[in-house]
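So the protein lines, in turn, are chains A, B, C and D.
One rule links them: number in this note's numbering = place in the first sequence (from 1) + 24.
One rule links them: number in this note's numbering = place in the second sequence (from 1) + 4.
One rule links them: number in this note's numbering = place in the third sequence (from 1) + 4.
One rule links them: number in this note's numbering = place in the fourth sequence (from 1) + 3.
Working notes for the structure below.
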Amino acid sequence: MKSSVIIFPGSNCDRDMDVALKKFGFENQMIWHNDAKIPKCDLIVLPGGFSYGDYLRCGSIAGKSKIIKSVIEFAKKGGLVLGICNGFQILTETGLLPGVLQQNKNIEFICKNVFVKINDKNNKYFKNIDKDILELHIAHNEGNYFCSKDELKMMNDNNLIAVSYCNNNGEINERSNPNGAIKNIAGIFNKEKNILGMMPHPERMIDKYLSGEDGSIFFKNLLNNLK
Amino acid sequence: MKIKLTVTLKNGVLDPQGKAIQQTLNGMGFSNVEEVRQGKYFEVEVNEKNEDKAKSKVEEMCKKLLANLVIEDFKIL
Amino acid sequence: MKIKLTVTLKNGVLDPQGKAIQQTLNGMGFSNVEEVRQGKYFEVEVNEKNEDKAKSKVEEMCKKLLANLVIEDFKIL
Amino acid sequence: MTTVNEKIAIDHGLKKEEFKKICELLNRTPNLTELGIFSAMWNEHCSYKSSRKHLKNLHTKGKRVIQGPGENAGVIDVDDEDAIVFKIESHNHPSFIEPYQGAATGVGGIMRDVFTMGARPIANLNSIHFGSPQHKKTKNLLRGVVKGIGGYGNCIGVPTIGGQTSFDESYNGNILVNAMTLGLVNKKKIFYSKAAGLGKPVIYVGSKTGRDGIHGASMASAVFDDQIEEKKPTVQVGDPFTEKLLLEACLELMADDSIISIQDMGAAGLTSSSIEMASKGKLGIELNLSKVPCRENGMTPYEIMLSESQERMLIVLENGKEDNAKKIFDKWDLDFAVIGKTTNSKKIEIYFDNEKVVDIPIDFLAENAPMYDRKWKKTKLPQKIKFKKDNFKSLKISDCLKKLLANPNICEKKWIWNQYDHTVMGDTIQKPGGDAGVVRIHGTEKAVAASVDSSAVYCFAHPLTGGKQIVCESWRNIISVGAEPIAITNCLNFGNPEKDKNMGEFVECVQGISEASKYLNFPVVSGNVSFYNETKDKGIKPTPSIGGVGLLKNYKNMITMELKNEGSIILVIGKTEGHLDQSIFARNILNEKKGPPPEINLFNEKNNGTTLMKLIDKKLILSCHDVSLGGILTTISKMCIKGKKGVKLNKLKTLIGKYEYFFSEDQGRFVIEVSKTNFKDVENVLKESSVHFDELGVVLKDNFIFLSDDKISIDELAKHNKNWLMEYMVQ
Ligand SMILES: Nc1ncnc2c1ncn2[C@@H]1O[C@H](COP(=O)(O)OP(=O)(O)O)[C@@H](O)[C@H]1O
Ligand SMILES: [Mg+2]
Numbered sequence: 025m026k027s028s029v030i031i032f033p034g035s036n037c038d039r040d041m042d043v044a045l046k047k048f049g050f051e052n053q054m055i056w057h058n059d060a061k062i063p064k065c066d067l068i069v070l071p072g073g074f075s076y077g078d079y080l081r082c083g084s085i086a087g088k089s090k091i092i093k094s095v096i097e098f099a100k101k102g103g104l105v106l107g108i109c110n111g112f113q114i115l116t117e118t119g120l121l122p123g124v125l126q127q128n129k130n131i132e133f134i135c136k137n138v139f140v141k142i143n144d145k146n147n148k149y150f151k152n153i154d155k156d157i158l159e160l161h162i163a164h165n166e167g168n169y170f171c172s173k174d175e176l177k178m179m180n181d182n183n184l185i186a187v188s189y190c191n192n193n194g195e196i197n198e199r200s201n202p203n204g205a206i207k208n209i210a211g212i213f214n215k216e217k218n219i220l221g222m223m224p225h226p227e228r229m230i231d232k233y234l235s236g237e238d239g240s241i242f243f244k245n246l247l248n249n250l251k
Numbered sequence: 005m006k007i008k009l010t011v012t013l014k015n016g017v018l019d020p021q022g023k024a025i026q027q028t029l030n031g032m033g034f035s036n037v038e039e040v041r042q043g044k045y046f047e048v049e050v051n052e053k054n055e056d057k058a059k060s061k062v063e064e065m066c067k068k069l070l071a072n073l074v075i076e077d078f079k080i081l
Numbered sequence: 005m006k007i008k009l010t011v012t013l014k015n016g017v018l019d020p021q022g023k024a025i026q027q028t029l030n031g032m033g034f035s036n037v038e039e040v041r042q043g044k045y046f047e048v049e050v051n052e053k054n055e056d057k058a059k060s061k062v063e064e065m066c067k068k069l070l071a072n073l074v075i076e077d078f079k080i081l
Numbered sequence: 004m005t006t007v008n009e010k011i012a013i014d015h016g017l018k019k020e021e022f023k024k025i026c027e028l029l030n031r032t033p034n035l036t037e038l039g040i041f042s043a044m045w046n047e048h049c050s051y052k053s054s055r056k057h058l059k060n061l062h063t064k065g066k067r068v069i070q071g072p073g074e075n076a077g078v079i080d081v082d083d084e085d086a087i088v089f090k091i092e093s094h095n096h097p098s099f100i101e102p103y104q105g106a107a108t109g110v111g112g113i114m115r116d117v118f119t120m121g122a123r124p125i126a127n128l129n130s131i132h133f134g135s136p137q138h139k140k141t142k143n144l145l146r147g148v149v150k151g152i153g154g155y156g157n158c159i160g161v162p163t164i165g166g167q168t169s170f171d172e173s174y175n176g177n178i179l180v181n182a183m184t185l186g187l188v189n190k191k192k193i194f195y196s197k198a199a200g201l202g203k204p205v206i207y208v209g210s211k212t213g214r215d216g217i218h219g220a221s222m223a224s225a226v227f228d229d230q231i232e233e234k235k236p237t238v239q240v241g242d243p244f245t246e247k248l249l250l251e252a253c254l255e256l257m258a259d260d261s262i263i264s265i266q267d268m269g270a271a272g273l274t275s276s277s278i279e280m281a282s283k284g285k286l287g288i289e290l291n292l293s294k295v296p297c298r299e300n301g302m303t304p305y306e307i308m309l310s311e312s313q314e315r316m317l318i319v320l321e322n323g324k325e326d327n328a329k330k331i332f333d334k335w336d337l338d339f340a341v342i343g344k345t346t347n348s349k350k351i352e353i354y355f356d357n358e359k360v361v362d363i364p365i366d367f368l369a370e371n372a373p374m375y376d377r378k379w380k381k382t383k384l385p386q387k388i389k390f391k392k393d394n395f396k397s398l399k400i401s402d403c404l405k406k407l408l409a410n411p412n413i414c415e416k417k418w419i420w421n422q423y424d425h426t427v428m429g430d431t432i433q434k435p436g437g438d439a440g441v442v443r444i445h446g447t448e449k450a451v452a453a454s455v456d457s458s459a460v461y462c463f464a465h466p467l468t469g470g471k472q473i474v475c476e477s478w479r480n481i482i483s484v485g486a487e488p489i490a491i492t493n494c495l496n497f498g499n500p501e502k503d504k505n506m507g508e509f510v511e512c513v514q515g516i517s518e519a520s521k522y523l524n525f526p527v528v529s530g531n532v533s534f535y536n537e538t539k540d541k542g543i544k545p546t547p548s549i550g551g552v553g554l555l556k557n558y559k560n561m562i563t564m565e566l567k568n569e570g571s572i573i574l575v576i577g578k579t580e581g582h583l584d585q586s587i588f589a590r591n592i593l594n595e596k597k598g599p600p601p602e603i604n605l606f607n608e609k610n611n612g613t614t615l616m617k618l619i620d621k622k623l624i625l626s627c628h629d630v631s632l633g634g635i636l637t638t639i640s641k642m643c644i645k646g647k648k649g650v651k652l653n654k655l656k657t658l659i660g661k662y663e664y665f666f667s668e669d670q671g672r673f674v675i676e677v678s679k680t681n682f683k684d685v686e687n688v689l690k691e692s693s694v695h696f697d698e699l700g701v702v703l704k705d706n707f708i709f710l711s712d713d714k715i716s717i718d719e720l721a722k723h724n725k726n727w728l729m730e731y732m733v734q
C-alpha cells in the first residue's frame, strides 16, 4: 500500500508518521507542500505540528497552500485522507470536515495519554479492530472541537463521530474530556468516511517503550483494511 | 491606506481565554469585572487610495482568511 | 458597561503572525497587501455606570495585566 | 553622528578606565558604532571578564569529549558515528520583564547553539526558579515562563524531557530561566565557528534585522531623538516557526560541504558572531551593512550591529557555493544575503552607504578585552546545629511526610510538563517526572539520559560543598535511569560579581564543581555565566545549574523509579548519617535555616555510583531513585506513588533517631528495588565493593507505607504530592 505524508513548513510530526507508516508496511513518500501534484497513492496523511507556525488560526494558512487543492481533489474522488492533530485542524479549515478546533478549555497545551472510544467501525479506518477503547497520546493547544447544533445533529445521524474521549472504562463524560471538545469529540469523518481527522497521535504509540502500543493496532488494522 | 478591523467570537461560542482573563482580573482585585471577551485586531496596509475599494478588498480577505465564519464575526472599523 | 480596547505590538517589535498572514494574503492573490499587524481586541464588561470611572479601571487593568508595556501599547476605544 | 565621550561610554555600561583603554588601543576616540561594538564585546556576557580567570579551572577533558567549552556547544562521543551536542544557557532578565517571550527566546537561542554545530536537536530541558509562591508576581511569571518554553519548543517539535523547578524568596525580584538542548550529530559532520580562508563570502541567513534588544544601557538619550521610546523594544519576540525553517534549511545546507564556519547570532547579534568567527580563525572580516536584510527603514549601522533580532545565522561559505546555498534558503522562505568576506587584515571593517564606518583590529575586541581578578570572600563552613529530642516531640512522621511531599520544591511538577510536548519525535522513553529524561538515538539501540539540577540552598550555606553537591546529584540522576554519566554543561547564575561575597560564592562554587567533576570523571563541556542577578541590591542565592548527560548502550536496560513487584526488597545504598541541617525537613518543619549543607564524600559518591552501575549492568535492579530533597522516606513515597504499591518498612536498626534517619539529606544514596531471588547477589556485589547499605523493607500490594508504629495511605500521599502545584495555579 502506498501512502503520502505532506510536509508543510512547520510540520513536525512528519518524520514520526513516516516511521510509523513504514513500520507497519506502508510504502511511504514525503511530499513537500509546494509540489502541486501528489503521486498515486492509497492514503494521504496530513501530519501534526505547527504548519506555518499556526499563526492566525491553527491550520488556516496551510488550508490555503498550493498542495491542498490536490488533497481536496484526491479526497473528492474517494481517496483516504487522514489528518492527525494539526492535520485535523487543516481539514476543518479547508472545509473538508465540519466545525473548528478551538483553544483548549484550560488554555494550556496538553501532552498526555488519553482513552478514546471508537464509535463507528463501518469504515476503512476502524473496520475489524478488535478493541473498542484505545489508549492514545495527545499533544495540542487547540483540540477543543466545536461545531454548530445542526452539524452535530448531522454527524450524529450519520455516525460521523469517529472517536470520543472517554475513561479507561469507556465512559464518555466531562472528567474524561481533556480539552473541552463538544460531546468529547476526538475525531470525525466526512460523510463518505474516507476522510478522518483526529487529535490523538497514533504514531507516537508504536512500541512498548513509548507511551503505549495502541497506535500499532491502528496502523496494522488500517493496512489490512486497504489490502 | 491602513484598514483596521476586529475579529470576534460569535455570541454563544465559548471563549476560554477571555474567561481565564476575567478570573485573573477578579483574583487581582478587579472584582467588578463581569465578563471579558477576547478577539483579534488587525491593521492591514493596502496599496489602494480609495477607501471604499480598500475596505471591500479587506472584507474579502476577512471572508477568505482572516475570520473563520463558523465561529467568528468580523467588523471593519 | 462594556469597554472595548485594543492591544498592539509597539512599532518595531517583530510580529511573526502579521508577517505570515501578509505572505499568505499575497499568495492568495491579494498582491497589494503591504503589511499586516496583528493585535488583540478585548471587550470588558465592568459593573460600573460611570463611563470615565469604567475606563480608568480598564486602563489600570491594561497596565497590570492585559498589555505588557515593554512590547505592547493599548488603546481604549 | 553623535561624538563619543566618556559619558556616552558610561551609558553604554563601560567603566571609565575601560573607555580610556579603548581610546589608547585605537589611538583615537571611537565613533558611536565602534563604541557600541566595544561595549557589546567587552561586557560581561561576551567577554566573561569577571569569570574567565576562574572558569579556566574547570575540568574539561575526558575520553569522550570531542569539543569542550569555547564553541557554540560541547560535543561528546556516544559511540559509532554518533555524537551529542549540548549546552545550557540563561535567559533570566528578559524572562522577568516579559516571561513568555523571554523564556521562548531563551529556548530558541539554545537550540540555535546546538543546530549551528550541525546537530538536530533531540531533547530540551529547563531549570526554572521563582520567588516565594506567596509573592504577588510568582504565579504569573511561572505561567508565562512555562507557556513560553512550551510555546517555542512544542512548535519546533523537539521534546522537552525534563527539568527542574524551584521556589525561593531570593528570586522574588529576579527569576531564573535556564534552557538546555541536546542534539545529535554525525561525528564527521560537526560544524565549528572558526573561519578559515581568505576572500570567502560571509552570508547572512534567517529573519530580518529589526531594532530588537538593542542594549538598554546603550540607549543614551544623547544618541536618539525624542522617539526613543518608540525605538526601544529591548525584549525580543521569538518566532519559532522561522526557527524551524532555519533549522531545516541549515541542516539541508550542511549535508554537503559548502560551509566553512557557522555561528548563530545570539547576544550582541552580528557584532559578536562576526568577530568571534574572525577571531577564532585569526582573520579579518569585512561587512557591508547596506546588504543586511532589515525589517525597518532607516536603520543605522549602530542598530544593525547591535540588534538582537532572533532566528539569524552567519555563515562563511566556500567560494562558488552561494547560488546553491541561496536555493536552499529560498525554498524555506528565509532571507539570504552575501554581506561580506573574510580578509587578512585581522580587523573588522564595516561599510555602510559606501562609507567605512568601523575599523577595529579584532584583537582589541577579543583578546584585549578586559579580564578582572575580582576580590572575593570565602564563606566559612557554618556551625552544625544541635537538634534535640525536644525538637521532634510534637511531630508525627506521617504528617511530616505529607507536608514534605506537598512542599513546592518537592511536589510533582506535572502541571508544568504536561504543557511541554515531551513525546514528539517518537523516541522519548523516559518522560519528565523521573530522575532523568531519556530519549533513544533514533534508529539505534542506544539512548541518552539528561537531567538538570541545582541546589541554591546548599550553595548559599557553603558554596564549595554546594558546587560539589550538584555535580554529584546530576551524576546520581543519570545513573538512576541506568545510564553511564558522560559529561555536563553548567549555567552559573550569580549575583553581582563586584561584591566580594557574591564573587566568593562564584569562585567557590566553580571550585566545587571542578573538584567533583574531575573526581567523577564527569567533565564540563559547555556552559554559560549569568551575573548581576539582583534587584534593588538584593541578590539571588548562588544557583549554578548543572545539566548532566549520560549514555545507555541499550535502551531496553533503562531503569525507572516506580516500584515494580510485590515481594521485592528495597534497600538504600550509601550511609545515612542523619544530617538534617539545610534539609527541607529542617527548613520547612523545624523552621531551622542555619547550619552546613550535607557533606560530600567524593570517594563514597563514586564508589556507590559505579557499584550501582555494575548492579544495573547485571540486570539485578528493578527500580531505582536517588535520595535527594526530603530524604529516604520522601524518596520511597515517590516510588510507591508512581508504582501504585506500598511497602512495609523494617524496624530501624540504627542509633540515629527516626526523624534523622528518614528525613536527613546525606549524600551519595539511592533507594533500589531488588527481587528476592537476586537479593543475595546484590548483597555480595555491594559487600565486595564496600558499599554501605541498609535493608529497608519489602514491597506490598496494599496501598500503604507501614512503619513500625504507623501506617500511611499512598493515595493520601499522592494527593499531597500531586495537588499542590495544580491547586496553586488554578487559584
Ligand atoms: N521545569 C520542568 N520541566 C520539565 N520537567 C520538570 C520540570 N520541573 C520538574 N520536572 C520533572 O520532575 C522531575 C522531578 O523533579 P525533582 O523533584 O526536582 O527531582 P528529584 O526527584 O530527582 O529530586 C524532574 O526530574 C523532571 O523530570
Ligand atoms: Mg533524582
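Just so you know, even glycine gets a beta-carbon here, dropped at the ideal spot from N, CA and C.
Item, Value
"Residue-level contact to chain C via CB, A/G252, 8 Å cutoff", "No answer is possible for residue 252 of chain A: the residues shown for chain A start at 25 and end at 251."
"According to DSSP, residues forming a beta bridge with D/G542", "D/E537"
"DSSP-derived helix/strand/coil call for D/T579", "coil"
"Range covered by the beta strand (DSSP E) that runs through D/D424", "D/D424 -> no beta strand (DSSP E), and no H or E assigned at all."
"Proximal residues to D/S348 (C-beta, below 6 Å), its chain only, five neighbours per side dropped", "G287"
"Backbone CA spacing between D/Y744 and D/S53 [nearest angstrom]", "Lying outside 4 to 734, the shown extent of chain D, residue 744 of chain D is not represented and no answer is given."
"Option nearest D/P599 by Cα separation, candidates D/G542, D/I388, D/R146, D/V319", "D/I388"
"Whole-angstrom distance between D/K197 and A/Y79, CA atom to CA atom", "37 Å"
"Nonlocal neighbours in the same chain, by C-beta distance under 7 Å from B/Q42, ignoring five residues either side", "D19, Q21, G22, I25"
"Cβ distance (whole Å) where D/C297 is taken to contact D/K211 below 8 Å", "6 Å"
"Residues near A/H57 in its chain [Cβ-Cβ closer than 7 Å; skip 5 each side]", "I30, I31, F32, P33, S89, K90, I91"
"For D/K502, the nearest candidate out of D/Q514, D/G530, D/D333, D/I543 (CA to CA)", "D/I543"
"Cross-strand partners of A/L70 (DSSP beta bridge)", "A/G107"
"Beta-carbon contacts of D/A122 that lie in its chain and below 7 Å, excluding the five residues immediately before and after", "V88, G186, L187, V188"
"Minimum Cβ-Cβ distance from B/N30 to chain A less than 8 Å", "no"
"Whole-angstrom distance between A/L106 and A/M41, CA atom to CA atom", "11 Å"
"Partner residues on chain D for C/I25, Cβ-Cβ distance less than 7 Å", "None at all; the shortest Cβ gap to chain D is about 12 Å."
"Residue from D/N412, D/L38, D/Y174, D/V81 with nearest C-alpha to D/I587", "D/N412"
"Same chain only: Cβ atoms within 6 Å of D/S276, ignoring 5 sequence neighbours per side", "Q266, M268, L317"
"Stretch-stretch touch, CB-based, cutoff 8 Å, three pairs: the stretch 677-693 of chain D with the stretch 602-622 of chain D", "yes"
"Check: D/S454 C-beta below 7 Å from any heavy atom of ligand 1", "yes"
"When D/K683, D/G485, D/G469 are compared against D/V451, the one with the closest alpha-carbon", "D/G485"
"Contacting residues, own chain, Cβ-Cβ under 7 Å from D/E299 (five flanking each side not counted)", "G213, R214"
"Contacting residues, own chain, Cβ-Cβ under 8 Å from A/D238 (five flanking each side not counted)", "K155, L158, E159, L160, P226, M229"
"Residues of its chain near B/E55, where Cβ-Cβ distance is below 7 Å and the 5 sequence neighbours each way are ignored", "M5"
"Three-state secondary structure (DSSP) of D/Q137", "coil"
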